[in-house]
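Student: To convert, note that position 69 of the sequence shown is 61 in the numbering used here; the numbers rise steadily by one, no gaps.
Glycine is no exception: its CB is placed at the ideal position from the N, C-alpha and C atoms.
One structure coming up, written as structure tokens, with questions to follow.
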Amino acid sequence: TAAGLENVTPEAFSEAVEEGQDVPPATLLEATRILEAGDVRILIANSQTGGAETTQVIELAKKQGIPVLEFSEIKPQDQTYLQWMEANVALLADTLNR
């Protein structure tokens, strides 16, 4: 990607979260192992979706010292689209440069 990042989220994890379903245990274990392997630079989550499994993955990332960013799908009313995207990009860049 333009940010030099690769999405390593198991596809079944993303699909379950997007559909509002439980993440299969084997998929949760796969996501956990990916975080524990030490190669993840940042965890980016959708603040408007998720459940217990997403929370578990976020907490594990924090314990592993992996920065966590939560972005929203909906633009804040007090910002233009461009302001919102610029703020998201700046936050991502700042977090990656720490």
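Let me check understanding here. Comparing Cα to Cα, which of Glu28, Ser64, Gln40, Asp70 lies closest to Lys55?
Tutor: For the residues Glu28, Ser64, Gln40, Asp70, the minimum Cα distance to Lys55 belongs to Glu28.
Student: Work out the CA separation of Asn38 and Phe5 for me, nearest whole Å.
Tutor: Near 13 Å, if we compare the C-alpha coordinates of Asn38 and Phe5.
Student: How should Leu15 be labelled, buried or exposed, when 16 other C-beta atoms within 10 angstroms of its C-beta is the threshold for buried?
Tutor: Looking at the sequence itself, residue 15 is Val, so the reference to Leu does not match. Answer is buried; the Cβ neighbour count reaches 16.
Student: So, with DSSP's three-state summary, where would you put Glu62?
Tutor: strand
Student: Using alpha carbons as the reference points, say which of Glu22, Glu10, Leu35 lies closest to Pro2.
Tutor: Glu22
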